[in-house]
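Heads up, the sequence shown is in my numbering, so the first residue is 40 and it goes up one at a time.
Where a beta carbon is used, it is the ideal one built from N, C-alpha and C, also for glycine.
Note that the structure is a prediction, hence the values are computed from the model and not measured.
For reference, the structure discussed in these notes is given below.
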Amino acid sequence: MPGRGLCVTHRFKPLDAKVPRTATTEGVGMADITVFTARRVRTMEASMPTAEAVAVRDGRIIEVGTLENMAPWLDAYDHEIDDTFNDHVIMPGFIDPHLHPSMAAVLLPMEFTTVVEWDLPWSEIGAVGGRVELLDRLIELDAELEPDAPLFAWGHHPIWHGDVDRETLNSISTTRPVIVWHRGYHSLIVNDACYRWMDIDLDAARRHPQIDVDRGAFFETGLGVAYRHMNSFLLGTERFRAGLDRMRQVIHHGGQTTIGDAAMGMYGFEDEWEHLKAVMERPDTPFRIQLMPFDMGPLGNDESDEAMIERILAYPQRNTHRLRFSDHVKMFADGGFFAELLMLKAPGHLDGRHGEWMTPPERFERVARAFWNAGLKIHVHCTGDLGVELVLSTLEKLQWEHPRFNHRFTFEHFGISSAQQVARMAEVGALASVNAYYVYELSRAFADHTLGYERASQMSRLGSLERAGIRFAVHSDFTMAPAKPLNNAWVAANRLNESGEVMCANERASLDAAIKAITSNAAYVLGLEDEIGSLRWGKQADFTILEADPYDVGAEGLRDIPIWGTVFEGEKFPI
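Written out as structure tokens, the structure reads:
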């Protein structure tokens, strides 16, 4: 509940004889000022990097500084001094510019079977470390579930668990639908009972280039086919809203006050919108969601490019207090990174496999041009260096055809790239929102099995971006990474993998850049730098309250800093 926690407040009234009320303030019902004092305030503003207090009214900051310097405000208006945070550090509210509340709502009710542990607000989940462990866990779950319940397990990865196919899952059950969802989300495997449960036309499925009926595999755009046959279950009101409520807990426990939903409408726009309003638009939700519609072009043959743009530009008319559309839109280039479906330039994948396009290159350019010419701010999922090349060459072409300033074109995830591509990104004013966590969980495994050491060690390069002057954020893409901004900043600044190796030290972000990547630069990527991301007058009173100062702790200690909670629009929300 908001407002919990020990605090001492001191209320004061203005000395009217000293500062008389004027006609412009008399009778307008000006709200009291609350001044939050702290051991230190980290503003992320170069003009005043640190302060001692933040004065707030009506959910916005009116001044940052010291009590002495705030005297003109405090002499003029009723105010209270709230010293709850006298032993804490006030930071700008953390921002994760790229995750997926609806994807999390689908996955969080499932059984987790990943090779890494999860520390979630309601439980700690152990790792499932190998093939035998995975199959044993599936057998256990089959025995525990009600007879008519489908078995959904999320977290399989072939590098650790070996290949799983339709026959493997038939050995678990011939009567229960068994669905094993890949750790990277972009693919799943089903058994024969699941085919019957889905009521899918297998002859039609065989004609889809990204469905392998014999293996029971649905991947990339084939996953969309699976959605259509599972959504009545996955988006069932009780199940989905329970998943969204768990997502609310995850976001708050990470200290976030703003998140970006980087593919709104993935499962069905109207269904998702109604669920989000019901669960997230509540007074006890201590964060806002910036919604980025997922759009890959006109909806069928009946919609023109012009109608598509008109539809997207109309979304902000739906805005509520916490759910907000803007002029940002999401596209996809190549396949999932965890799923090893990234598109690579030579020498390609270590085992000779071929990645996948989520959007065919010719369609990608056409849709990107429509968005660009309409003035939209484009964010593109791209994971391999060939995917980056498609996106970068398209941006270069569009900038030549129709030059734009401050276009905020953002490369999302940015798994494998070259330093030369970074230089070109700088020349055309691109931004990056990077999944730094790839380094922690995948760099060693991908070095050994997917890419070789050189490319794997340089995945999610940040040092090159910083040296080139490219603004970047880091994100979780939850559940691809824990929704813990301090953890993501820790990976960005240290580049330590799970076994403790430093992977390409020259691609580490500086401590300051890592902190900016979850505050001021994350706000910039979302186009919200005038509202959030730093602490100064006029901005939202969103704070993350820490037990220690990240700049004192240093890069090595970032992920271990305890979080007291947050202040969202001036209201305290302890964890």
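Of all the options L283, Y590, R327 and M397, which has the alpha carbon lying nearest to the alpha carbon of F364? In the sequence shown, residue 364 corresponds to position 325, counting from 1. Out of L283, Y590, R327 and M397, R327 has the C-alpha closest to the C-alpha of F364.
Within 8 Å, strictly: CB atoms of A556 and V513: Position 517 of the sequence shown, counting from 1, holds the residue named residue 556. Position 474 of the sequence shown, counting from 1, holds the residue named residue 513. Yes; because the gap between Cβ atoms is below 8 Å, this pair is in contact.
Is the separation between the beta-carbon of A92 and that of T82 shorter than 8 Å? Looking up residue 92 in the sequence shown gives position 53. Looking up residue 82 in the sequence shown gives position 43. Cβ atoms of A92 and T82: not closer than 8 Å.
Looking at the unbroken beta strand (DSSP E) that takes in E91, where does it start and where does it end? Reading the sequence shown from its first residue, position 52 is the one you call residue 91. Start and end: T89 to R96.
Who are Q579's beta bridge partners in DSSP? Stepping through the sequence shown from its first residue, residue 579 is reached at position 540. R99, per the DSSP bridge assignment.
Enumerate in chain order the residues of its own chain whose CB-to-CB distance from M40 is below 6 Å, with the five nearest sequence positions on each side excluded. Stepping through the sequence shown from its first residue, residue 40 is reached at position 1. Its pLDDT being 46, under 50, M40 is placed unreliably in this model, and the value from its coordinates should be taken loosely. Cβ within range, chain order: n/a, list empty.
For V203, the three-state DSSP class (helix, strand or coil): For the purposes of this step, residue 203 is identified with residue 164 of the sequence shown, where counting begins at 1. Of the three classes helix, strand and coil, the one that applies to V203 here is coil, per DSSP.
Taking the straight line between their C-alpha atoms, what separation do you get for R361 and M319? Walking along the sequence shown from the start, residue 361 turns up at place 322. Walking along the sequence shown from the start, residue 319 turns up at place 280. Using only the alpha carbons, I get a separation of about 7 Å.
On the DSSP letters alone, give me the boundaries of the beta strand (DSSP E) that A77 sits inside. In the sequence shown, counting from the first residue as 1, residue 77 sits at position 38. Segment I72 to R81, the beta strand (DSSP E) holding A77.
Are three or more beta carbon pairs between the stretch 185-192 and the stretch 141-150 nearer than 8 Å? yes
Whole-angstrom distance between E568 and F124, CA atom to CA atom: On the sequence shown, position 85 is the one that residue 124 refers to. On the sequence shown, position 529 is the one that residue 568 refers to. Roughly 25 Å between the two C-alpha positions.
If we ignore side chains and look at the alpha-carbon of each, how far apart do A62 and A562 end up? To locate residue 62, count along the sequence shown from 1; it is residue 23. To locate residue 562, count along the sequence shown from 1; it is residue 523. Note that A62 scores 32 on pLDDT, short of 50, meaning its location in the model is unreliable; the coordinates nonetheless yield the value given after this. Note on geometry: alpha-carbon atoms of A62 and A562 lie some 37 Å from one another.
Beta strand (DSSP E) segment containing D121, residue limits: Taking the first residue of the sequence shown as 1, we reach residue 121 at position 82. It spans H118 to P131 - the beta strand (DSSP E) in which D121 sits, taken as one unbroken run.
Kindly confirm or deny that the stretch 459-469 and the stretch 422-436 touch, where touching means at least three C-beta pairs closer than 8 Å. yes
Output needed for G42: all residues of its chain with C-beta closer than 6 Å, excluding positions within five of it in sequence on either side, in chain order. In the sequence shown, counting from the first residue as 1, residue 42 sits at position 3. For G42, the pLDDT reaches just 48, beneath the cut-off of 50, and the residue's location in the model is therefore unreliable, although a value from the coordinates is still provided. Here the set comprises K611.
Out of A594, N527, E480 and V541, which one is the CA nearest neighbour of A378? Sequence index remark: in the sequence shown, residue 378 carries index 339 (1-based). With distances taken between Cα atoms, A378 lies closest to E480.
Do L550 and A522 have their C-beta atoms closer together than 8 Å? Counting from 1 along the sequence shown, the entry for residue 550 is found at position 511. Counting from 1 along the sequence shown, the entry for residue 522 is found at position 483. Cβ distance not < 8 Å, so L550 and A522 don't count as in contact.
Between the CA atoms of P601 and P613 - distance to the nearest angstrom: For the purposes of this step, residue 613 is taken as residue 574 along the sequence shown, with counting starting at 1. For the purposes of this step, residue 601 is taken as residue 562 along the sequence shown, with counting starting at 1. Looking at the two C-alpha atoms, the distance is approximately 12 Å.
Whose C-alpha, out of A475, V564 and A552, is nearest the C-alpha of A520? Here the question's residue 520 lines up with position 481 in the sequence shown. For the residues A475, V564 and A552, the minimum Cα distance to A520 belongs to A475.
Touching by the beta-carbon criterion (3+ pairs, under 8 Å), the stretch 102-116 and the stretch 269-287: Touching, no.
Please identify the residue among I571, T433 and L585 whose C-alpha is closest to the C-alpha of I100. Along the sequence shown, one-based indexing puts residue 100 at 61. Cα-wise, what sits closest to I100 is I571.
Simplified DSSP state of G282, which is helix, strand or coil: Locating residue 282 in the sequence shown gives position 243, counting from the first residue. It is helical.
Mind the definition here: the stretch 236-246 touches the stretch 277-287 only if three or more C-beta pairs lie below 8 Å; say whether that holds. no
With distances taken between CB atoms, is the gap from F333 to A302 smaller than 8 Å? Position 294 of the sequence shown, counted from the first residue, corresponds to residue 333. Position 263 of the sequence shown, counted from the first residue, corresponds to residue 302. For F333 and A302, yes; Cβs fall inside 8 Å.
According to DSSP, simplified to helix, strand and coil, what is F485? As a first step, residue 485 is located in the sequence shown; it is residue number 446 there, counting from the start. In the structure shown, F485 sits in a helix (DSSP, three-state: H, G or I).
Can you list, in chain order, the residues of its chain with a C-beta nearer than 6 Å to that of A594? Leave out the 5 residues immediately preceding and following it. Position 555 of the sequence shown holds residue 594. Only A532, N533 and L550 meet the Cβ criterion.
Throw me the rounded Cβ distance for the I120 and V80 pair, which I believe falls under 8 Å. Locating residue 120 in the sequence shown gives position 81, where the first residue counts as 1. Locating residue 80 in the sequence shown gives position 41, where the first residue counts as 1. About 14 Å separates the two Cβ atoms, so there is no contact after all.
Just grab the DSSP bridge partners of P136 for me. As a position in the sequence shown, residue 136 is number 97, starting the count at 1. P136 is not bridged to any residue.
Any contact of the stretch 158-165 with the stretch 485-501, i.e. 3+ C-beta pairs under 8 Å? When Cβ pairs closer than 8 Å are counted between the two stretches, the stretch 158-165 is seen not to touch the stretch 485-501, the count staying below three.
Candidates G275, V154, W603 and F133, of which the one nearest S559 by Cα: By 1-based counting over the sequence shown, the position of residue 559 is 520. Residue F133 is the option with its Cα nearest to S559.
Check E616 in the structure and name its three-state DSSP category. This structure cannot speak to residue 616, because the chain is shown only from 40 to 614.
In this structure, how does DSSP classify I614 when only helix, strand and coil are distinguished? Numbered from 1 along the sequence shown, position 575 holds the residue referred to as residue 614. I614: coil per DSSP, three-state reduction.
Backbone CA spacing between A385 and P186 [nearest angstrom]: Within the sequence shown, the letter at position 346 stands for residue 385. Within the sequence shown, the letter at position 147 stands for residue 186. So the two alpha carbons sit approximately 49 Å from each other.
Closest residue to K433 among E179, A372, W157 and G169 (Cα-Cα distance): For this step, residue 433 is matched to residue 394 along the sequence shown. For the record, residue 433 in the displayed sequence is Thr; it is not Lys. Among E179, A372, W157 and G169, the Cα nearest to that of T433 is on A372.
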